[in-house]
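Notes to accompany the following structure.
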Amino acid sequence: MVSPTDLSDMIWCPRIPWFKSIGVQTSSSHNTKKGMYFHKTIEDLFNQIRSMLSLHIPGKIIGTEIYLPQNKRSEDTLGLVGRVDVLRQTSDGFIVQELKSCDPPASGWIYETHRVQLNAYAYLAEIDGFSPVVYGIVIYRDLMPREIEPDIDSIPNLVRRYYKLRDSFVMPEGRYENCRYCSYRPLCSILPRKAKITKEQLLSLRELDLTVK
Numbered sequence: 001m002v003s004p005t006d007l008s009d010m011i012w013c014p015r016i017p018w019f020k021s022i023g024v025q026t027s028s029s030h031n032t033k034k035g036m037y038f039h040k041t042i043e044d045l046f047n048q049i050r051s052m053l054s055l056h057i058p059g060k061i062i063g064t065e066i067y068l069p070q071n072k073r074s075e076d077t078l079g080l081v082g083r084v085d086v087l088r089q090t091s092d093g094f095i096v097q098e099l100k101s102c103d104p105p106a107s108g109w110i111y112e113t114h115r116v117q118l119n120a121y122a123y124l125a126e127i128d129g130f131s132p133v134v135y136g137i138v139i140y141r142d143l144m145p146r147e148i149e150p151d152i153d154s155i156p157n158l159v160r161r162y163y164k165l166r167d168s169f170v171m172p173e174g175r176y177e178n179c180r181y182c183s184y185r186p187l188c189s190i191l192p193r194k195a196k197i198t199k200e201q202l203l204s205l206r207e208l209d210l211t212v213k
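Counting in this note's numbering, the sequence shown runs from 1 upward without gaps.
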């Protein structure tokens, strides 16, 4: 099985699926920097979420926290499963909507990882009979709905790429521009960048009492 969050983790850094496949755990995920707002202002966030659900967004809310697929088997979605925050229906089709506890990006429309998540939820919704998905929406702390046209066709290849990275015997190359905010940084910082580290070799680091559990 793979989730939309797993796909966004892979986009953040290809090493994350590989680390997870052998039980490497961290005290936090790469979303810690963004998600810390939730812990600091949880009461305010709940109020914001209520406001988000009542925003003037086209379509009738047909469900929140909807698990997909409901009507199909996971085999029909290449093992992709997930829970979308909000599903709306309009006269033109369906809208998948995600609520995020972080600030919007300083530049650009939405974060790349969130775009992948919206694409994945749109893919799941369409296969499950909620078709067509006309667009996806992500709402950050500024409460401005940000629309994107979903790229559903990109998801099957991303899922296959995830499985390939997860099952690789050798550690994938990292996406080093994201290291600063990644919770796997303490582990990656002691690993040679170009060395072909195997799963067996990494598991031997248990003896060093690192992040492998």
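Beta carbons are placed, not taken as given, at the ideal position from N, Cα and C, and that holds for glycine.
Rounded separation between Ile197 and Asp9 - CA only | Residue numbering aside, residue 197 sits at position 197 when the sequence shown is read from its first letter. Residue numbering aside, residue 9 sits at position 9 when the sequence shown is read from its first letter. The alpha-carbon separation between Ile197 and Asp9 amounts to approximately 20 Å.
Buried or exposed by the 16-neighbour rule on C-beta atoms within 10 Å, applied to Pro17 = Residue numbering aside, residue 17 sits at position 17 when the sequence shown is read from its first letter. Answer is buried; the Cβ neighbour count reaches 16.
Kindly indicate the opening and closing residues of the alpha helix (DSSP H) around Gly70.
-> Position 70 of the sequence shown, counting from 1, holds the residue named residue 70. A quick correction: the sequence has Gln, not Gly, at residue 70. Bounds of any alpha helix (DSSP H) do not take in Gln70, whose DSSP letter is neither H nor E.
Delimiting residues of the alpha helix (DSSP H) encompassing Phe94 = Locating residue 94 in the sequence shown gives position 94, counting from the first residue. No alpha helix (DSSP H) holds Phe94; the beta strand (DSSP E) holding it covers Phe94 to Leu99.
DSSP state of Trp12, grouped into three classes?
-> Locating residue 12 in the sequence shown gives position 12, counting from the first residue. Three-state DSSP puts Trp12 in a helix.
Please state if the CB of Ala122 and the CB of Ile152 are separated by a distance shorter than 7 Å.
-> To locate residue 152, count along the sequence shown from 1; it is residue 152. To locate residue 122, count along the sequence shown from 1; it is residue 122. Against a cut-off of 7 Å, the Cβ pair of Ala122 and Ile152 comes out as a contact.
For Ile137, which residues does DSSP report across the bridge?
-> Locating residue 137 in the sequence shown gives position 137, counting from the first residue. According to DSSP, Ile137 bridges with Gln97 and Glu147.
CB-CB length for Tyr135 against Ile148, believed under 8 Å | Here residue 135 refers to the residue found at position 135 of the sequence shown. Here residue 148 refers to the residue found at position 148 of the sequence shown. Cβ atoms of Tyr135 and Ile148 come within 8 Å of each other, at about 6 Å.
CA-to-CA distance, Ser3 to Tyr67, given in whole angstroms | If you number the sequence shown from 1, residue 67 lands on position 67. If you number the sequence shown from 1, residue 3 lands on position 3. When only Cα atoms are considered, Tyr67 and Ser3 end up about 11 Å apart.
Can you tell me the Cα-Cα spacing of Asp85 and Arg185, whole angstroms?
-> Here residue 85 refers to the residue found at position 85 of the sequence shown. Here residue 185 refers to the residue found at position 185 of the sequence shown. Their Cα atoms are separated by approximately 30 Å.
Let me know the secondary structure DSSP gives Ser183 once reduced to three states.
-> The residue you call residue 183 lines up with position 183 of the sequence shown. If DSSP states are grouped into helix, strand and coil, Ser183 belongs with coil.
Which residues in the same chain as Leu165 place their Cβ atom closer than 7 Å to its Cβ, once the five residues preceding and following it in sequence are excluded?
-> For this step, residue 165 is matched to residue 165 along the sequence shown. Result list for Leu165: Met10, Pro14, Pro17, Trp18 and Pro172, in chain order.
So, Leu78 versus Val159, is the Cβ gap smaller than 7 Å?
-> As a first step, residue 78 is located in the sequence shown; it is residue number 78 there, counting from the start. As a first step, residue 159 is located in the sequence shown; it is residue number 159 there, counting from the start. Cβ atoms of Leu78 and Val159: closer than 7 Å.
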